[in-house]
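With positions in the sequence shown counted from 1, the corresponding number in our numbering is that position plus 3.
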Amino acid sequence: MSRMEARMLPDGWRLHLHDGPIDLIIAAEGAREEAFAAAQSRFATVLDELAAELPLLRQPVGPEPSGPTARRMWRATRRLADLGFITPMAAVAGSVAEEVLDAMTAAATLSRAFVNNGGDIALHLAPGTSYDVGLVDRPDRPSLFASARIAAADCVRGIATSGWRGRSFSLGIADAVTVLAERASIADAAATVIANAVDLPGHPAVTRVPAQAIQPENDLGERPVTRAVGALCRNEIAAALDAGVALAQRLVGEGRITAAALHLAGETRIVGTGLGRVDAGREGEEIPRLGGGDPS
């Protein structure tokens, strides 16, 4: 019997898919029934496919895995392996969103669609269309600080957020780092490494615990992950953000990502193009929020 749960949300146009730790919020314009059916069919086996290769996916990027979603994770993180320790798990949320969206667009003709996996979003845009995507500066206390209008002509089809206040472990102290990239899997991996780079190593205000002590089976092992960040002075905040900005600028300059927004203790830095101020979007239009995939 399948564990997967599927239901339409009260607004009548978004689909919620749930299986184990994965929650997807999906919208589609065009042949929606066909697209939603394809999403459910593809999502039904994703978790089992990943579980079958989990030991490999928790190791630093090495041999290519066999499953389609796992290969997306591997390809995205291999592109960043030159920056230090990273495993395919750094791209899992974005890769799942991407895999489901590709199944939808293969099965149905759509003008616009998105798959939001807890704030990591894969987008489909037909020529002449766009999405306004709301950005948050703290995933644990989401409020919009800016929006990005992603047009079909842009090279952005993926957006992801990472940081120590999110649902995954972080080696750094960023409240949130949001990345725009050509694919959701790439954005997910890049947000992880940039968030790790926003850091003050050895600072007494930062509480760190070995990842294994919190979750015995994880891809970080004994590496210390951030659990709390105390008061920091302005110079310390600036120094931590400078480290993340330097990496983000390198990735933008090398064409690996399009833009990034970095947040720490109420301070924000933006690198690249494509991130703007909040506007309301078209009347009646949902603005997908990064950092939250609330299925309610």
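Every residue, glycine too, gets a C-beta built ideally from N, C-alpha and C.
Item checked: Range covered by the alpha helix (DSSP H) that runs through F39 -> R35 to F46
Checklist line | Sequence-distant residues of its chain with Cβ nearer than 7 Å to G23 (five each side left out) | finding: R6 and L50
Next item on the list: Starting from F117, follow its DSSP beta bridges and name the residues at the other end.
Entry: A30 and L126
Next item on the list: Assuming L113 and A194 form a contact by the criterion Cβ under 8 Å, report the distance between their Cβ atoms to the nearest whole angstrom.
Entry: About 26 Å separates the two Cβ atoms, so there is no contact after all.
Check: In chain order, what residues of the same chain lie with their CB nearer than 7 Å to the CB of L235, ignoring the 5 residues before and after it?
Finding: A208 and A268
Notebook entry, point to check: So which of G224, L223, P68 and A111 has the shortest CA-CA distance to A34?
Noted result: A111
Check: Under the DSSP definition of a beta bridge, which residues are partnered with P227?
Finding: P213
Notebook entry, point to check: Which stretch, first to last residue, makes up the alpha helix (DSSP H) that contains A251?
Noted result: R237 to G256
Next item on the list: Within its chain, find whatever has a CB closer than 6 Å to the CB of R10; leave out the 5 residues flanking it on each side and keep chain order.
Entry: H19
Checklist line | Host alpha helix (DSSP H) of D14 (start-end) | finding: Here D14 belongs to no alpha helix (DSSP H), and DSSP marks it neither H nor E.
Notebook entry, point to check: Where does E102 land, buried or exposed, given buried means 16+ other C-beta within 10 angstroms?
Noted result: buried
Note to self: Below 8 Å, how does it come out for the region 206 to 224 and the region 130 to 148: are there three or more Cβ pairs, yes or no?
What the structure shows: no
Note to self: Report the CB separation of G97 from A187 in whole angstroms; it is logged as a contact under 8 Å.
What the structure shows: 4 Å
Item checked: Nearest-angstrom Cα separation, counted from V201 out to T90 -> 19 Å
Next item on the list: Count the other CB atoms, across all protein chains shown, that sit within 10 Å of the CB of E288; report buried if there are 16 or more and exposed otherwise.
Entry: Unreliable positioning characterises E288 in this predicted model, as indicated by a pLDDT of 40, which lies under 50. The coordinate reading is nonetheless provided below. Under this definition E288 is an exposed residue.
Next item on the list: Classify A208 as helix, strand or coil using the three-state DSSP reduction.
Entry: coil
Item checked: DSSP three-state assignment for G296, whether helix, strand or coil -> Because the pLDDT at G296 is just 40, under 50, the model does not fix this residue reliably, and the value given afterwards should be weighed accordingly. DSSP places G296 in coil when its eight states are reduced to three.
Check: Would a C-beta distance cut-off of 8 Å place A198 and G161 closer than the cut-off?
Finding: no
Notebook entry, point to check: What separation, rounded to the nearest whole angstrom, lies between the Cα atoms of H21 and E8?
Noted result: 5 Å
Next item on the list: Whole angstroms is fine: what's the gap from L265's alpha carbon to I124's?
Entry: 18 Å
Item checked: Residue burial classification, S69 (beta-carbon count within 10 angstroms, cutoff 16) -> exposed
Checklist line | Residue nearest to A192 in terms of C-alpha spacing, selected from E225, A231 and I260 | finding: I260
Notebook entry, point to check: beta strand (DSSP E) containing S98: first to last residue?
Noted result: Not the beta strand (DSSP E): S98 falls in the alpha helix (DSSP H), residues V95 to A110.
Next item on the list: Using 10 angstroms around the beta-carbon of P213, count the other beta-carbons present and answer buried if the total reaches 16, otherwise exposed.
Entry: exposed
Check: L59 lies in the beta strand (DSSP E); which residues open and close that run?
Finding: Premise fails: L59 lies in the alpha helix (DSSP H), L57 to L60, not in any beta strand (DSSP E).
Notebook entry, point to check: Are the beta-carbon atoms of P196 and L60 separated by less than 8 Å?
Noted result: Sequence check: residue 196 is Val here, not Pro. Not closer than 8 Å, so no.
Checklist line | Cut-off 8 Å between Cβ atoms - residues of its own chain near L183, not counting five sequence neighbours on either side | finding: A151, I153, V159, G161, I162, A190, I260, T261, A262, A263, G275, G277 and L278
Notebook entry, point to check: What three-state label does DSSP hand H21 in the structure shown?
Noted result: strand
Check: When DSSP builds the beta bridges, which residues end up paired with S188?
Finding: S188 is not bridged to any residue.
Check: Below 8 Å between beta carbons: does that hold for R170 and G137?
Finding: no
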